[in-house]
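Residue numbers (our numbering): 20 to 270. These notes are about the structure you will find just below.
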Amino acid sequence: YLQSDPDVTKKLLDHIYTDFLNLKNHGVTYTLMGHICLAPFSSVIVGEMGMKKPVLHLEGPSGGGKTMLASLAMSFFGDFHDHFVSWTSTANAIEKEGFFFRDALFLIDDLKSSVVNQETVIRTLQNYVDGHGRARMKSNTSLQKPFHIRGLLLSTGEDFIDDMESVNGRTILLNVEPEKNTAAGYSCLKNRELYRCFIPLLIKQVISQPDWKNNFSDLINKKSAEFHALTEGLPNGLRISLNWALNFAGF
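Below is the structure:
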């Protein structure tokens, strides 16, 4: 993270509003921004509120800009030089890497169901949602330390897995249109080094409010009830409602 003075902060916020949120249609960028802002509070959501974390998956054709979107989102949490974990990695490798992203966004890039082992995807997502890793026994019968993704999961791919209600019910699936806002894209690449100033400012703003955890929880419960009125009768309607309520609270 980086510290910033008021002039840099104003420049950054103006840029996010003018360029970052206009990279794609607002249905995509507003939801992505909600996911970014929710990530620093992952431990509170799981631990103190007892809620399940959602997955955000950006789906679209190759060359449509979904990986660039995800890369810019990760720039809010560090300088990764576009080096990210891929879905072609093993589940063990993905979970061990994700363990060190506590209260941060964690990106797994480039899901192609024709190439990636579906069992890897299902296991990774289920353990992420459940908040635990897969236990493995050593040769001396003691258990190895299990790892799981402790941050908020962001995924990209040309498609997604089918017929898994337990996974799909915890996933916000966004279709990323191939059309590009080139001017906004260049501006984002130029200013992405400033993104690391944003999260400390956000955390300070939130936790400086009296009784913020109760207010945060009340907002999530209120929006979940509102959204459930729209999803009632759908498979996993309650889960879908909570996913979007959490995203709304982040935004």
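Beta carbons: idealized from backbone N, C-alpha and C, even for Gly.
Would you list the one or two residues that DSSP bridges to residue i?
i, result
"residue 128", "105"
"residue 74", "190"
Within its chain, find whatever has a CB closer than 7 Å to the CB of residue i; leave out the 5 residues flanking it on each side and keep chain order.
i, result
"residue 243", "260, 261, 264"
"residue 186", "141, 144, 145, 180"
"residue 116", "104"
"residue 256", "247, 250"
"residue 150", "65, 167"
"residue 38", "203, 206, 207"
"residue 258", "188, 189"
Of all the options the options, which has the alpha carbon lying nearest to the alpha carbon of residue i?
i, options, result
"residue 105", "167, 94, 125", "125"
"residue 66", "208, 170, 44, 134", "170"
"residue 172", "234, 57, 69", "57"
"residue 63", "121, 137, 198", "121"
"residue 2", "203, 93, 135", "No answer is possible for residue 2: the residues shown for the chain start at 20 and end at 270."
"residue 88", "72, 197, 33, 25", "197"
"residue 77", "269, 222, 195", "195"
"residue 236", "252, 266, 220", "266"
"residue 203", "101, 91, 98, 139", "91"
"residue 112", "83, 80, 93, 139", "139"
"residue 74", "101, 102, 83, 148", "148"
"residue 128", "82, 42, 86, 70", "86"
"residue 270", "83, 201, 46, 228", "46"
Hey, quick one: how far does the alpha helix (DSSP H) through residue i stretch, first residue to last?
i, result
"residue 194", "First-last for residue 194: 190-194, but that is the beta strand (DSSP E), not the alpha helix (DSSP H)."
"residue 23", "Unbroken run through residue 23: none, as it is neither H nor E."
"residue 149", "137-149"
"residue 49", "45-57"
"residue 260", "256-269"
"residue 68", "No alpha helix (DSSP H) contains residue 68, which DSSP labels as neither H nor E."
"residue 180", "Residue 180 -> no alpha helix (DSSP H), and no H or E assigned at all."
"residue 88", "85-93"
"residue 212", "No alpha helix (DSSP H) holds residue 212; DSSP gives it neither H nor E."
"residue 168", "Counting along the chain, residue 168 falls outside any alpha helix (DSSP H), and DSSP gives it neither H nor E."
"residue 111", "110-118"
Can you list, in chain order, the residues of its chain with a C-beta nearer than 8 Å to that of residue i? Leave out the 5 residues immediately preceding and following it.
i, result
"residue 27", "213, 216"
"residue 131", "106, 176, 177, 178"
"residue 31", "23, 210, 213, 214, 216, 217"
"residue 40", "48, 49, 52"
"residue 231", "225"
"residue 93", "99, 103, 124, 126, 173"
Taking the beta strand (DSSP E) that residue i belongs to, which residues open and close that run?
i, result
"residue 176", "171-176"
Leaving out five residues before and five after residue i in sequence, what residues of the same chain have Cβ atoms less than 6 Å from its Cβ?
i, result
"residue 34", "210"
"residue 95", "55, 214, 217, 218"
Is there a Cβ from chain B that is less than 8 Å from the Cβ of residue i?
i, result
"residue 225", "Absent from the structure: chain B. Only one protein chain is present."
My parser needs the alpha helix (DSSP H) runs of 4 or more residues fully inside the stretch 216-247; what are they?
217-226
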